[in-house]
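Chains as they are written, first to last, in my numbering: chain Z, 1 to 400; chain X, 401 to 993.
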């Protein structure tokens, strides 16, 4: 795929040889094909972009090592390959504003490069202790039911502050929290009711106000309360507490989505960015002879299977298809949601025997071909099965 | 008792709103005027998820409003005093459906959107017993959404408004705009800063909000509150904790609103409403004046210029068509005469040839019909040709008017076919050489011959009358008869020629006169027709210019009218301001046209 795009860009560079600005743009497109994927964090002011980008980015994991995270890039400075959009509430106005502007037909049809994040999830429901669960339910419901959430690869509730705090939890902070947790609950309750009560000089014990303040600033009142509850219920060392805070924050789900939908598809997403920029150039500065290039771009766009896979993954996961349960899981796996190598797609060990992989692939192909050709199924279902068949054929073709 | 001053000003402004097509403003003022006395309505407004429901529940110490992730109703909820808790759904057509308070949220969710107009809830609370009504509104959002409209509808009747914004972030631009709008319509506004329990930086946010409101000219206190703390305090019966929730201040403010003397309050609300409506109306009127001015500036100049261009065109057109017509008619006159002359010349030639050789006495009967026919044909052809030329000229002149010529050409059919001017040729007097005349002529010739040859032969002794002289006499007689016959023929021929030519000349003269007359008629008809047309066009143009100029006058009159209206509204605005001052409040800005 990258080679096709490279050829297209070279052909375009020939066409625009005498235009320095166009040449620079095409050159940049070519360079970007080799560079890490750029993921932009966008959203309204104080929606938690920086915190979330920091929580994801300052602690690189293997899964996300090939990403460049851009904190709210301006519209012109950098063209991101993928976007994490943050909204504070799943309200119609905010969701409508979160929709990316429509571009060319290809840009729309391949617009499978955004994840919607319900940020500051710990503030949902007035910071009750079940805030994160409620937020997760809200996000899932919105993804399944709200037409404004169609097209996103995921709608994920994340408490950025909690995630960041959890990841960067220090020993002294854990010790402090553990000391507070040791105070009888009834006695502590009124002191963790609000920020003011927590930082009140009347707070029992010798901990200075400033230390308490920094704790509540780092974790938020919800985070402090959650940490105390967690320590009381068994997270009795820093590592355990840290892991549990991060797990509950929803960061893991976001990271998995980014890894599965962005990192694994980096090549396709980079190619997409290059093609969209090339399309824009061809449309804005038409040249004689550009028609052939335009039709080559169209052919490329029509043949790009990755975007169909991503869209179908989003549809299946968002509950917008008839698939559910075991078949749905198999379908998203075959489509590459958990990794795009043949072994990943077929749920085999990474060092599986090629014969084994081939047989498993053949088996999956047979079953999904049957699904794709069942006349008693609605067209949409058969079309979805066709995409899975095409993915399976693709993985088998590697063994030909 | 005379009507209070505020009522007069309000009614006048209301009329102005209605006159200028702002039924919405008129309706708001009307509701302000007819607001029930003995009730203090306190509205709660805010963007979604700011904690409105929690705030109201905390104010009432009762779970009245839907909170959390439950969908907020799209209609206002009015919470008033009732000895027993009760809830009523009020439908679009005022039907009332009582429901249990605890089932209210479920009942609301089950009803399709748009079937309800409001919800009424009664709770046994001391706070409300003096006639205070708390109105929970749908969240404000997209300015075009019906939910927002339903929320802002509150401003028509609210005596005071609690704006709700949470402490997680300072006021957004939209929230600030909402605050400004609310303050324009309602004099008593407070900003409740919610969720201060969860936000470490709430003091900074409160300061920022105070500063922003101050800069925007909204004099509203900012009261930080925490529903969570209030709830905990209520549960624990802890007065100190309750004080920390910020609610005592808020309740104090609410009590202040409820305690205001009603008549003064009404006057102030009316004054504020009048000022808000007048300001909005003046703004829309100013927009209209601007639009009219722009319209006039651009349109009128262009229209006049176009009219001027058309007048110039018309002048050029007039010269062109008049010249063309006179040239063409002159040409036609000479061409027609030449054509006729040419045709008659050919006829005359034929006449000459005929009578140079032929004997009129023998050929006349054949000749006369031919001549009549030839002349008729010549006249007919000439006349047809004339009609064609006249038609052509009319078209050529009409073409001078271009696209403006949108009517039928004048009727140019010539009367008759020209043939009625023809008489048949009259037969001239042709004398024939009759037998008696021939005998006499023969005798006269023979007499000379007999005598001459008789005298010569008498010298030879012959008698005077002898065979020779008789023979000579006979010869002479024959020759004389022959000579005499020839002379008579020539004379006849000359007479016939003359007669025929005279007839032809006669016809020519008369017909060419007719032709000239016909052409003149054509000329006159065309001239009248096109002069009429040109005059009509000129009239049209004059009329158009008059319309344009009159339009300007009309526009100026209208603009003047609007300006006077603005002045009138500005005066109302000022009077309302004075009323406001009397009612105990300082008004700042004044409007001017």
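Heads up, the beta-carbon is just placed ideally off N, CA and C, and yes, glycines get one too. Computed from a predicted model, the values in this text were never measured in an experiment.
Cβ contact annotation for residue 517(X) (same chain, cutoff 8 Å, sequence separation greater than five): 475, 490, 491, 492, 494, in chain order. Relative to the Cα of residue 500(X), the nearest Cα in the group 538(X), 509(X), 429(X), 486(X) belongs to 486(X).
Residues are counted here when their Cβ sits less than 8 Å from a Cβ of chain Z; for the region 606-638 of chain X these are 626, 627, 628, 629, 632, 636, 638, given in chain order. Identification of chain Z residues near residue 542(X) by a Cβ-Cβ cut-off of 7 Å yields 93, ordered along the chain.
Here DSSP, grouped into helix, strand and coil, assigns residue 624(X) to strand. Straight through space, the alpha carbons of residue 271(Z) and residue 220(Z) are spaced by roughly 41 Å. Every candidate alpha helix (DSSP H) stretch fails here, since none sits fully inside the region 699-775 of chain X while reaching 4 residues. Exposed is the label assigned to residue 913(X), since fewer than 16 other Cβ atoms lie within 10 Å of its Cβ. Secondary structure of residue 871(X) (DSSP, three-state): helix. Residue 39(Z): member of the beta strand (DSSP E) spanning 37-43, first to last residue.
Looking at the backbone, the Cα of residue 787(X) and that of residue 827(X) are separated by about 33 Å. Here DSSP, grouped into helix, strand and coil, assigns residue 321(Z) to coil. If you look at residue 4(Z), you'll find it in the alpha helix (DSSP H) that goes 2-15. The three-state reading of DSSP puts residue 557(X) in coil, since its state is none of H, G, I, E or B.
For residue 134(Z), no beta strand (DSSP E) encloses it; the enclosing alpha helix (DSSP H) starts and ends at 131-145. Interface criterion met: the Cβ of residue 196(Z) is under 8 Å from a Cβ in chain X. Collapsing the DSSP output to three states places residue 71(Z) in a strand.
Neighbourhood of residue 596(X) in chain Z, by CB distance below 9 Å: 194, 195, 196, in chain order. According to DSSP, residue pairing for residue 497(X) in a beta bridge involves 489(X).
Within chain X, no residue has its beta carbon less than 9 Å from that of residue 183(Z); the closest one is some 17 Å off.
For residue 87(Z), the uninterrupted beta strand (DSSP E) segment begins and ends at 82-87.
The Cβ-Cβ distance between residue 692(X) and residue 947(X) does not fall below 8 Å.
Taking C-beta atoms under 8 Å as the contact rule, residue 81(Z) and residue 37(Z) qualify, at a distance of about 5 Å. Residue 334(Z) places its beta carbon less than 8 Å from that of residue 392(Z). Inside the region 639-672 of chain X, DSSP marks whole alpha helix (DSSP H) runs of 4 or more residues at positions 639-644, 647-659, from first to last along the chain. In this chain, the beta strand (DSSP E) harbouring residue 534(X) covers 532-536. Its chain contains 332, 335, 337 as the residues whose beta carbon lies nearer than 6 Å to that of residue 313(Z), once the 5 sequence neighbours on both sides are disregarded; these appear in chain order. In this structure residue 926(X) touches residue 793(X) by the C-beta definition: roughly 7 Å separates them, less than 8 Å.
Looking only at 675(X), 685(X), 618(X), the smallest Cα-Cα distance to residue 420(X) is reached by 685(X).
At a cut-off of 8 Å, the C-beta of residue 220(Z) has a neighbouring C-beta in chain X.
Excluding sequence positions up to five before and after residue 244(Z), its CB lies within less than 6 Å of the CB of 230, 235, all in the same chain and listed in chain order.
Contact between the region 406-425 of chain X and the region 582-598 of chain X is absent: fewer than 3 CB-CB pairs across the two stretches fall below 8 Å. When DSSP states are grouped into helix, strand and coil, residue 566(X) belongs to the strand group. If the five residues before and after residue 6(Z) are omitted, its C-beta is found closer than 7 Å to the C-beta atoms of 30, 33, all from its own chain and listed in chain order.
By the criterion of a C-beta distance shorter than 8 Å, residue 519(X) is surrounded in its chain by 473, 475, 476, 477, 478, 487, 488, 489, 490, 504, 508, once the five residues flanking it on both sides are discounted. Close CB contacts of residue 281(Z) within its chain, under the 8 Å cut and outside five residues either way in sequence, are with 12, 16, 22, 25, 26 (chain order).
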